[in-house]
Amino acid sequence: MKQSLQLRLGQQLTMTPQLQQAIRLLQLSTLELQAEVQQALESNPLLEMAEEGESHAGDADFEAGAPAYELLNGQDTAGAMGLNEEARAGGTGDEPPSGEMATDIPQDLPVDTSWDDVYDSGSSGAAAGPDNDMRGQELQGTSSESLNAHLVWQMGLTPFSETDRAIATAIVDAIDEDGYLTSPLEEIHQGLGEDFEVEFDEVEAVLHRIQRFDPPGVGARDLRECLLLQLQQLPEDVPWLAQAKQLVNDYLAALGGRDYAHLVRRLKLNETDLQCVIELIQSLNPRPGGTVASSQAEYVIPDVIVRKHQGAWRVELNDEAMPRLRINKHYAGLIRRADNSNDNTYLKGQLQEARWFMKSLQSRHETLLKVASCIVERQRGFLEHGEEAMKALVLHDVAETVGMHESTISRVTTKKYMWTPRGIFELKYFFSSHVSTAAGGVCSATAIRALIKKLIAAENHRKPLSDSKLASILCDQGINVARRTVAKYREAMAIPPSNERKQLV
């Protein structure tokens with residue numbers, strides 16, 4: 002084979018480190034972004050946090066304020082996806098900076114006092130406002146106790162012999178988070194037989210003592226026993242208590258199957274009295290352990306804030322969630338152009354990395370704001386009227402509007418949240434598939450779920466609507482949806498089927 006030289010022209014997309022960094026920052030959530038910024042501050046001496054209320058100027062500083070869009074009557078008043086000029090300029094300048102101290106710090110403190118005795122300790126990243134005190138109280142009260150620790154604490158207050166305490170410890174260890182005894186008493190008795198000579202009656206007696214612990218119903222072996230334990234701890238003068246105990250003890254399966262006719266015959270009650278008995282049973286807790294072993298509350302920090310101002314929907318970034326960075330002027334002033342020493346080369350590299358990082362942050366914020374504004378413009382009906390007015394929207398629609406790739410829209414809408422007057426929603430919530438209508442249009446799946454929920458809420462509880470009937474009603478309204486689709490949407494909303502929604506009155 003004869004060797005030859007050939008020249009070819011072609012285009013190739015190269016993922017530069019700057020592009021990789023921008024893509025990685027784009028898909029981070031608020032908490033992950035804060036951790037990334039903190040790591041960058043620790044590793045790069047030329048990066049530092051900007052003071053709150055400080056004005057930024059120059060190429061070296063990065064503004065992470067809250068640029069905003071205003072949407073009025075379907076028009077973008079800041080231009081075609083352009084930033085609002087007032088927000089771009091950083092506000093009107095009439096408001097005082099929120100970072101100013103309202104009180105003066107004394108020159109010295111008494112020698113017998115500490116800082117916490119004079120000043121209230123607060124979080125360094127909290128913004129000033131009337132909600133800060135309440136927010137601090139919520140954070141202080143988030144510590145939760147496990148059910149096992151709660152029962153062990155009550156064991157310490159109960160007079161037990163050494164043998165009974167060992168039995169009680171084995172029983173408490175076998176209680177799950179819902180408050181039910183997961184191991185049969187026979188297994189617990191056999192496990193104790195290796196170290197203690199105890200009778201089965203002793204194990205059962207200790208179980209009865211634990212079943213009187215808080216919360217009521219703990220230590221039950223099944224649902225029937227759990228409900229009976231709670232009924233036994235109620236005062237004797239509670240109306241319909243005896244009938245409720247009889248129903249739970251003998252006819253709980255019929256109650257679960259909603260066989261009200263059978264219950265009326267067996268209990269010899271009319272429907273009104275039977276409903277009172279059922280309401281008493283429904284007031285009990287089938288999972289008593291959940292009242293103690295509650296999971297710690299997780300707080301969501303919205304990235305975007307949407308509010309209506311003078312008839313226009315205003316979209317802006319959350320200042321508290323957006324980091325404000327700047328270049329350290331002292332270290333930047335030490336850099337000399339003609340100097341090739343190791344120290345000067347290191348500072349130059351760190352300065353370039355700092356600028357890349359801040360540019361990536363700025364690109365992330367602008368992309369997030371642009372995508373959020375497009376979503377708000379498309380879903381204006383949801384903001385005005387609720388879920389029933391939600392329009393069908395897919396990633397391709399937003400990508401085509403803002404001039405980006407669908408993968409970029411997917412990254413920017415993942416784990417990002419928007420605060421609206423109707424609540425906090427993930428940006429992914431506003432995207433949904435569509436179903437064709439009789440008029441040739443499309444209807445959002447979210448709107449269909451809202452309609453199904455509304456129909457079920459208004460149904461006759463004695464004769465609930467079946468999935469087929471719901472599909473027929475939707476078809477009469479012009480929405481072509483199959484019965485299995487209605488069942489899928491109903492199950493996604495955790496709504497039971499019609500036979501389980503049947504009520505007595």
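The sequence shown runs contiguously to residue 506 in the working numbering.
Built from N, CA and C at the ideal position, the CB exists for glycine as well.
Bear in mind that the values here come from a model prediction, so they are computed numbers and not experimental data.
Can you tell me whether residue i is helix, strand or coil according to DSSP?
{"i": "W420", "result": "strand"}
{"i": "V278", "result": "helix"}
{"i": "M50", "result": "strand"}
{"i": "K3", "result": "coil"}
{"i": "Y181", "result": "strand"}
{"i": "A495", "result": "coil"}
{"i": "S30", "result": "coil"}
{"i": "W241", "result": "coil"}
{"i": "E427", "result": "strand"}
{"i": "S411", "result": "helix"}
{"i": "T575", "result": "Outside the displayed range of the chain (2 to 506) lies residue 575, so it cannot be described from this structure."}
{"i": "K455", "result": "helix"}
{"i": "L362", "result": "helix"}
{"i": "A472", "result": "helix"}
{"i": "R315", "result": "strand"}
{"i": "I480", "result": "strand"}
{"i": "S433", "result": "strand"}
{"i": "M16", "result": "coil"}
{"i": "A448", "result": "helix"}
{"i": "A355", "result": "helix"}
{"i": "A339", "result": "coil"}
{"i": "H406", "result": "coil"}
Roughly how many angstroms separate the alpha carbons of residue i and residue j, rounded to a whole number?
{"i": "R308", "j": "M419", "result": "11 Å"}
{"i": "V413", "j": "R315", "result": "19 Å"}
{"i": "K371", "j": "Q363", "result": "12 Å"}
{"i": "S284", "j": "L224", "result": "14 Å"}
{"i": "L20", "j": "A355", "result": "14 Å"}
{"i": "L47", "j": "N329", "result": "5 Å"}
{"i": "Q7", "j": "Q13", "result": "18 Å"}
{"i": "A446", "j": "S408", "result": "22 Å"}
{"i": "H397", "j": "C444", "result": "17 Å"}
{"i": "D340", "j": "T346", "result": "8 Å"}
{"i": "F201", "j": "E188", "result": "10 Å"}
{"i": "A128", "j": "N319", "result": "Reliability of the predicted coordinates at A128 is poor, the pLDDT of 40 falling under 50, and the value obtained from them is presented with this limitation in mind. The alpha-carbon atoms of A128 and N319 are separated by roughly 11 Å."}
{"i": "K388", "j": "E427", "result": "For the sequence presented, residue 388 should be read as Glu rather than Lys. Their Cα atoms are separated by approximately 14 Å."}
{"i": "I279", "j": "Y261", "result": "10 Å"}
{"i": "V293", "j": "V219", "result": "11 Å"}
{"i": "F383", "j": "F432", "result": "12 Å"}
{"i": "K489", "j": "T438", "result": "19 Å"}
{"i": "H406", "j": "R259", "result": "53 Å"}
{"i": "L326", "j": "E49", "result": "6 Å"}
{"i": "N286", "j": "A495", "result": "19 Å"}
{"i": "L232", "j": "D215", "result": "14 Å"}
{"i": "A206", "j": "H263", "result": "36 Å"}
{"i": "P185", "j": "Q504", "result": "35 Å"}
{"i": "V204", "j": "N271", "result": "42 Å"}
{"i": "A393", "j": "K455", "result": "19 Å"}
{"i": "A448", "j": "M391", "result": "5 Å"}
{"i": "A322", "j": "I172", "result": "47 Å"}
{"i": "T31", "j": "T421", "result": "17 Å"}
Kindly indicate the opening and closing residues of the alpha helix (DSSP H) around residue i.
{"i": "I211", "result": "201–211"}
{"i": "V399", "result": "396–403"}
{"i": "V293", "result": "From DSSP, V293 is part of no alpha helix (DSSP H); its letter is neither H nor E."}
{"i": "A150", "result": "148–157"}
{"i": "R166", "result": "163–174"}
{"i": "A254", "result": "253–257"}
{"i": "Q231", "result": "224–233"}
{"i": "Q191", "result": "186–193"}
{"i": "E385", "result": "381–386"}
{"i": "V219", "result": "Segment: none, V219 is in no alpha helix (DSSP H) and carries neither H nor E."}
Specify, as a first and last residue, the run of the beta strand (DSSP E) that residue i falls within.
{"i": "I306", "result": "305–310"}
{"i": "S445", "result": "443–445"}
{"i": "I328", "result": "326–328"}
{"i": "R463", "result": "Neither: R463 is in no beta strand (DSSP E) and is coded neither H nor E."}
Could you tell me how far apart the beta carbons of residue i and residue j are, in whole angstroms, since I believe they sit closer than 8 Å?
{"i": "L27", "j": "R365", "result": "5 Å"}
{"i": "T170", "j": "F197", "result": "Incorrect: roughly 11 Å between the Cβ atoms, too far for contact."}
{"i": "A472", "j": "R484", "result": "5 Å"}
{"i": "A243", "j": "Y181", "result": "With 8 Å as the limit, A243 and Y181 do not qualify as a contact, their Cβ atoms being about 25 Å apart."}
{"i": "Y252", "j": "R267", "result": "6 Å"}
{"i": "G290", "j": "E178", "result": "5 Å"}
{"i": "A373", "j": "V305", "result": "4 Å"}
{"i": "T415", "j": "C375", "result": "Rounded, the Cβ-Cβ distance is 16 Å, inconsistent with contact."}
{"i": "L335", "j": "L352", "result": "About 10 Å; that fails the 8 Å criterion."}
{"i": "I425", "j": "V301", "result": "6 Å"}
{"i": "F358", "j": "A41", "result": "6 Å"}
{"i": "P324", "j": "Q35", "result": "7 Å"}
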